[in-house]
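Participant: Can you keep this structure in mind? I'll have questions shortly.
Chains as they are written, first to last, in my numbering: chain A, 85 to 220; chain B, 128 to 596.
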């Protein structure tokens, strides 16, 4: 098999905006894992504080994580409440669907966040599939 | 391509045996899956309890073969010296294989109680406990093999370069051997029995095996990404620290309902709730290393297995473990199909995949080439997706069965009996079995990938393409 071209060597010097990108991805994950709501507010504050003056790398990660967090709210809170409201609190199948759906959706969002964080740590942009926005 | 150290070649039979036993494990898994819904399938030739014992014991044995093969392959490269004794490694291979095969034949041919009588269980009663069902001579054989293996690996590391990867691997292997000694301690007090039984079972898979996992993954990522060793070692230190801090006291999540003191409900809940963190870090580690790679290694299949290990270990061990680890939740879910769901995905994601990762990386080199041909790699990646996606479905179907089981058996005002509930879970068991068949197909594709060759190119195509560099 022919060897693929060498990828750009990882630079020891951090690209501009990497710290902010890492902070955005971390807050996205903290919102999903530890402090739902509070971490989202912090991410929101970071977004509005830096959306105009941040370097492109950070701006991309801020936009992506904010968009993905908003989708997470819809997919995890609103969708589950709707399933419970429609299926009934006392029905076993409601809980089969809710627990399976919540676990699958929540885990998928976390794995996407891990990939996003790894990209930020490597100083690279990342677009969340389905729940992200196009990079500028 | 030649091996850097000739003695690395001893890893090859270990990997071949591991894969052969893996096939056996999955075949018995399919038999078991069918027995859930067709109760007398293959009865009385292979009763359910025997099939289950073979399924789980084969898993443990083939993973041990994989770990030993991995150690024999990576330690010479890490220490920059030949193995202390390749002859001993070969000898141990045949002893371990013979002991394993005889044990499985014993399970299948002799009633378990008779097997216990025949193998001297009266002298030292160690049989009859889940996962530690092996007859006394097999257990003693495991100890002898483990000690001789540790001697061989330890002496090699002592005489060569010491790296974080080899030291972490050795620590994990020593822990594995030492903790297995608790398989010989079988107190008559049932609480104490279960208490120390978990020192083998839990402290293996949520303790020392994770060190072995980290070392193997670190080695493969080092080779395929070309990232600085210092970076990989720093990540490994963090992962190993998190593993031990959370995993050791996390043993408490097995002590909730066995008669141990009540404080274990707090300790177990808190520390095991933290157990997903090392797996989270491991996933970030894998993706981070691949993103920062300094070279594009042509073994795409090994890269895929390495990334898959991070993700699936996090899902199976981390997420599905957390799902039922808090004492108030576990009060309802204990011993249901939710546990089976967690067990399947955690073992596959963490340990099956890491062994397949090192096999994917090392086997082509052991066969004299840097990587497998393109077609072979494509087939291997197909097998990755078939096995991984089917394992996700196996886990989801078992989780669904578990939720319904908890509801019918433990939540409703008039709880139903275990067997009455099992009947109502049949649909999920059938779906799980179908997913298992797809897993088997994936495994067949995996086996075939070892023998696949690239199709000969036509003269026109050869002219159109530049020569490989």
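Just so you know, even glycine gets a beta-carbon here, dropped at the ideal spot from N, CA and C.
Residue 351/B to residue 433/B, Cα distance in whole Å?
Facilitator: Between residue 351/B and residue 433/B, the C-alpha separation is close to 10 Å.
Participant: Which runs of the alpha helix (DSSP H), 4 residues or longer, sit entirely within the stretch 410 to 467 of chain B?
Facilitator: Taking only runs of at least 4 residues, the alpha helix (DSSP H) segments lying wholly in the stretch 410 to 467 of chain B are 427 to 440 and 454 to 460.
Participant: Just the Cα atoms here: how many angstroms apart are residue 219/B and residue 249/B?
Facilitator: The straight-line gap from Cα to Cα measures roughly 28 Å.
Participant: Looking at the C-beta of residue 537/B, does it have a partner C-beta in chain A at a distance below 8 Å?
Facilitator: No, because no Cβ of chain A sits closer than 8 Å to the Cβ of residue 537/B.
Participant: Establish whether the CB of residue 106/A and some CB of chain B are separated by less than 8 Å.
Facilitator: Not an interface residue.
Participant: Using a Cβ-Cβ distance under 8 Å, would residue 195/A count as near chain B?
Facilitator: So yes, residue 195/A belongs to the interface.
Participant: Between residue 215/A and chain B, is any beta-carbon pair separated by less than 8 Å?
Facilitator: For residue 215/A, the answer is no, since every Cβ of chain B falls outside 8 Å of its Cβ.
Participant: Here's the rule I'm using: 16 or more other beta-carbon atoms within 10 Å means buried, otherwise exposed. How should residue 153/A be labelled?
Facilitator: Residue 153/A comes out buried.
Participant: Would residue 213/A be called buried (16 or more neighbouring beta carbons within 10 Å of its own) or exposed?
Facilitator: Answer is exposed; the Cβ neighbour count stays below 16.
Participant: Could you name the residues of the same chain whose beta carbon sits closer than 6 Å to that of residue 592/B, not counting the 5 residues immediately before and after it, in chain order?
Facilitator: Only weak support is given to the placement of residue 592/B: the predicted model assigns it a pLDDT of 46, under 50, and the question is left unresolved by the model.
Participant: For residue 433/B, which residues in chain A fall below 7 Å Cβ to Cβ?
Facilitator: Residues of chain A passing the Cβ test: none, with the nearest at roughly 13 Å.
Participant: Do the stretch 298 to 309 of chain B and the stretch 329 to 340 of chain B touch if we need at least three Cβ pairs shorter than 8 Å?
Facilitator: Verdict: yes, contact present.
Participant: Across the stretch 287 to 297 of chain B and the stretch 357 to 366 of chain B, are there enough close Cβ pairs to call them in contact, namely three or more that are closer than 8 Å?
Facilitator: Enough Cβ pairs lie closer than 8 Å, so yes.
Participant: Taking the C-alpha atoms as reference points, what is the distance between residue 326/B and residue 172/B?
Facilitator: Answer to the nearest angstrom: the Cα atoms are 34 Å apart.
Participant: Could you tell me whether the Cβ atoms of residue 153/B and residue 178/B are closer together than 8 Å?
Facilitator: Not a contact, by the Cβ cut-off of 8 Å.
Participant: Can you grab the Cα-Cα spacing for the pair residue 386/B / residue 347/B, in whole Å?
Facilitator: Rounded to whole angstroms, residue 386/B to residue 347/B spans 43 Å at the Cα level.
Participant: Give the interface partners of residue 72/B over in chain A, defined as CB-CB distance under 9 Å, in chain order.
Facilitator: Examination of residue 72/B is not possible in this model, given that chain B is present from 128 through 596 alone.
Participant: Applying a beta-carbon distance threshold of less than 8 Å, which residues of chain A neighbour residue 578/B?
Facilitator: Correct list: empty, because the minimum Cβ distance to chain A is about 17 Å.
Participant: Just the Cα atoms here: how many angstroms apart are residue 167/A and residue 175/A?
Facilitator: Going by the C-alpha atoms only, they are around 11 Å apart.
Participant: On the CB-based measure, 16 or more other CB atoms within 10 Å of its CB, does residue 356/B come out buried or exposed?
Facilitator: Exposed, because fewer than 16 other Cβ atoms sit within 10 Å of the Cβ of residue 356/B.
Participant: Just checking: is the beta-carbon of residue 100/A within a distance shorter than 8 Å of some beta-carbon in chain B?
Facilitator: Closer than 8 Å: no.
Participant: State yes or no: is the beta carbon of residue 178/B nearer than 8 Å to at least one beta carbon in chain A?
Facilitator: False, the Cβ-Cβ gap to chain A never drops below 8 Å.
Participant: For a contact defined as C-beta to C-beta under 7 Å, what are the partners of residue 534/B on chain A?
Facilitator: Here the neighbours are 176 and 179.
Participant: Helix, strand or coil: which one does DSSP assign to residue 176/B?
Facilitator: Helix, per DSSP.
Participant: Could you name the residues of the stretch 514 to 528 of chain B whose beta carbon sits closer than 7 Å to any beta carbon of chain A, in the order they occur along the chain?
Facilitator: Listed by position, the residues of the stretch 514 to 528 of chain B near chain A (Cβ gap below 7 Å) are 523, 526 and 527.
Participant: With 16 other CB atoms within 10 Å as the buried threshold, where does residue 317/B fall?
Facilitator: Exposed, because fewer than 16 other Cβ atoms sit within 10 Å of the Cβ of residue 317/B.
Participant: Start and end of the alpha helix (DSSP H) containing residue 289/B?
Facilitator: Note, residue 289/B: premise wrong, no alpha helix (DSSP H); not H, not E.
Participant: Using the rule of at least 16 other Cβ atoms within 10 Å of the residue's Cβ for burial, across every protein chain shown, is residue 368/B buried or exposed?
Facilitator: Exposed is the call here.
Participant: Cα separation between residue 210/B and residue 128/B?
Facilitator: Each residue's alpha carbon lies about 20 Å from the other.
Participant: Is it buried or exposed, residue 205/B, if we count other Cβ atoms within 10 angstroms and call 16 or more buried?
Facilitator: Counting Cβ neighbours within 10 Å, residue 205/B comes out buried, since at least 16 surround it.
Participant: Step through the CB atoms of chain B and report whether any lies within less than 8 Å of the CB of residue 184/A.
Facilitator: Taking Cβ atoms only, chain B reaches closer than 8 Å to residue 184/A, which makes this a yes.
Participant: Can you round the beta-carbon distance between residue 470/B and residue 436/B to whole angstroms, since I take them to be within the 8 Å contact cut?
Facilitator: That belief does not hold up - the Cβ atoms of residue 470/B and residue 436/B are roughly 17 Å apart, past 8 Å.
Participant: So which of 282/B, 335/B, 169/B and 144/B has the shortest CA-CA distance to residue 155/B?
Facilitator: Checking every option, the nearest Cα to that of residue 155/B belongs to 169/B.
Participant: For a test of the three-state rule: what should DSSP assign to residue 572/B, helix, strand or coil?
Facilitator: Looking at residue 572/B - three-state DSSP - the assignment turns out to be helix.
Participant: For residue 507/B, I'd like the list of residues in its chain whose CB is within less than 6 Å of its CB, leaving aside the five on either flank, ordered along the chain.
Facilitator: Excluding positions up to five away in sequence, the list reads 428 and 576.
Participant: How about residue 114/A: is its C-beta nearer than 8 Å to some C-beta of chain B?
Facilitator: No, because no Cβ of chain B sits closer than 8 Å to the Cβ of residue 114/A.
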